Structures are given as structure tokens and as C-alpha cells.
Amino acid sequence: MDDTTTAQGTSGAHSAPGAATGGGPVGLTPGIRACLFDLDGVLTRTASLHATAWKQTFDAFLQSYDVDHSLDFQPFDKERDYEDYVDGKPREDGVRSFLESRDIHLPEGTAQDPPGMQSVYAVGAAKQNAFLALLNEHGPQVFEGSVAYVRAARAAGLKCAVVTSSANCEAVLRAAGIDDLFDTTVDGNDVTAQHLKGKPAPDSYLAGAKALGVPATAAAVFEDAIAGVESGHAGGFAVVVGVDRLGNGQAERLRTHGATVVVGDLAELLPATGAAG
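Take the sequence shown: its letters are residues 5 to 281, numbered as in the numbering used here.
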């Protein structure tokens, strides 16, 4: 499905840095004027916190639901279920997607529903509370290679944005100490306020490009989630960089769903003297 040049990488079949994207100071084709980065799993090591929060939330819900409906308890799989149903999606979309996979259909409820109620929004609220508790306990860690890449992109004159389905973007960026590296952000709060469709729809990335004043054809998207690379591909972005943090065939899955180049770390796109992390 993809005609990019590939080379064997440490996390699977990764596209050869430079060859697929055209080289340049940050490994992108000439004419690229902006970079739009996903947050969790691309810039920060918070994807694991999200996965843990989802597992805590869904397992608690399923244990109660399965008892009430005389079903055998099947826990949330922190790897496969996270990737297939919730990774990269707005919170309530993730709730719907996973519960539908179990043939569970809850009323929508409202954004004011507290955890414990039987509604999509209530399950989402429980997940938010779980994530914030984990974030407070562990704090956000960054991928040093990604931070080095963002700094190199800015030094090369490219505009930079964060585009994420998370509603916690600003807090995470501040806590990680990298909020000053980006010209704008589009997060889950903006998706709701602007009535945008969440990833895998292209709306949020297109909104980010518009905020930067750059067309999609002159911008690159950086994503680790299947829904995210689908979003970048659907938006017609010039380059969609898939970041393979998982191995086990994830590189090929990212490529199949729209990535034009796949790396294990963004530092791979920098010259050999660039910092790895």
C-alpha cells in the first residue's frame, strides 16, 4: 500500500531516514513549513499512564456490569484494547468504541455526569480522574529525541503545534517543561468547543494547520497511534511520520493506515550528530 523506501529498524521495518522524506535539516521534504505533533506517545511518555487509567476504569466498570448481567469478566487488555479502541481518540469516542466491542451500549449522559453513573460521560469522567491521579503521582516524562527534534525544527524556521485528543494538553506540556516550544495547541477541549470530529477524522490536524497559517500540503504530522496516522492521511498532509513505540508489527500497521515514513524515535530523522533519546 506504501511505496516508501524501507530499512530494518530496531522496532520493526522502519522507513530509511531521509530517503523517504527527502532529507534536509530535520529530515523533511523541501517546502514543509510546519510540524504538528501528537502529545501522548510522541512527545511525552504519558501513553502508558493513559493505558493504565483506561484499564483501571474499564475493569472496574466491567466487573460491576458483568456481575449485574451474569457475564464472565473479561478485563481490558492494556495493549491490544488500548491500541484498537481508545488510543488517539477523544475520551468519549474511546468509551463508545471499546464498550461497543463488548456489545455494551450506554446512554450518552451529559458532561456533568460524575463517575459511577451508567453513562458514556460518567465512564469518561472516571478515566479522567484516574489519569490525573497517575499524572500527579508519576509526572510526565518526555522523549528526549522528540524534544531534540522539535528544537531542531524551530531552529530551521518551521512552525510547531501540538494536536491531541487529550483534554490535559496544557497541563502536561507545562509539567514537562516544554510548553514554550509550540506556537499553538489543539486539544480535546478545542475539539469539543469547535464541534470538530475527533481522530481518525482530520479535523483537529486541519485546525492546527489553519492556526499556524500553513496548508496541509506544506505540513508534516507526527503520530504514534493508528487513529492519528489515519487523521493525517485523511487531511492530505504532505508527510505523515509514524512513530513506532511498540514493535511487534506496529511499524507496518502505521504504514498501512497512512504513515509515509516510520521511525522508532524522531531523532532518527536528524543528522547523525543529533541527540538520540
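Yeah, the Cβ is synthetic: ideal placement off N, Cα and C, and Gly gets one too. Only a predicted model underlies this, so the values are computations on that prediction, with no experimental measurement involved.
Spatial distance of residue i from residue j (CA atoms)
| i | j | result |
| --- | --- | --- |
| residue 121 | residue 216 | 40 Å |
| residue 25 | residue 49 | In this prediction, residue 25 scores a pLDDT of 49, lower than 50, which makes its location untrustworthy; the coordinate-derived value is nonetheless stated afterwards. Whole-angstrom Cα-Cα distance: 25 Å. |
| residue 64 | residue 223 | 41 Å |
| residue 113 | residue 101 | 16 Å |
| residue 210 | residue 190 | 10 Å |
| residue 142 | residue 133 | 14 Å |
| residue 254 | residue 126 | 32 Å |
| residue 145 | residue 180 | 6 Å |
| residue 109 | residue 103 | 7 Å |
| residue 67 | residue 81 | 14 Å |
| residue 260 | residue 85 | 19 Å |
| residue 76 | residue 105 | 15 Å |
| residue 93 | residue 233 | 12 Å |
| residue 239 | residue 72 | 43 Å |
| residue 188 | residue 197 | 16 Å |
| residue 257 | residue 230 | 7 Å |
| residue 60 | residue 47 | 24 Å |
| residue 265 | residue 74 | 47 Å |
| residue 131 | residue 242 | 34 Å |
| residue 52 | residue 212 | 25 Å |
| residue 219 | residue 41 | 15 Å |
| residue 227 | residue 236 | 8 Å |
| residue 44 | residue 70 | 31 Å |
Backbone secondary structure at residue i - three-state DSSP
| i | result |
| --- | --- |
| residue 59 | helix |
| residue 35 | coil |
| residue 224 | strand |
| residue 165 | strand |
| residue 250 | coil |
| residue 216 | helix |
| residue 244 | strand |
| residue 265 | strand |
| residue 48 | strand |
| residue 53 | helix |
| residue 154 | helix |
Bridge partner(s) assigned by DSSP for residue i
| i | result |
| --- | --- |
| residue 229 | Answer is none; residue 229 lacks a bridge partner. |
| residue 72 | In the DSSP output, where bridge partners are listed per residue, residue 72 has none listed. |
| residue 41 | 166 and 226 |
Buried versus exposed call for residue i [16 or more other C-beta atoms within 10 Å across all chains shown]
| i | result |
| --- | --- |
| residue 245 | buried |
| residue 170 | buried |
| residue 221 | exposed |
| residue 270 | buried |
| residue 178 | exposed |
| residue 117 | buried |
| residue 83 | exposed |
| residue 35 | exposed |
| residue 252 | exposed |
| residue 54 | buried |
Near the ligand HEM: residue i beta-carbon under 6 Å from a heavy atom
| i | result |
| --- | --- |
| residue 84 | Summarising the ligand content, the structure contains no ligands, and the ligand HEM is consequently not present. |
- Query: Could you give the uninterrupted runs of the alpha helix (DSSP H) lying entirely in the segment 74-152, keeping only those of 4 residues or more?
  - Reply: Unbroken alpha helix (DSSP H) runs of no fewer than 4 residues, entirely contained in the segment 74-152, are found at 95-105 and 124-142, following chain order.
- Item | alpha helix (DSSP H) segments (min. 4 residues) lying fully within the segment 159-208 | With a minimum length of 4 residues, the continuous alpha helix (DSSP H) runs that stay inside the segment 159-208 are 173-180 and 192-197.
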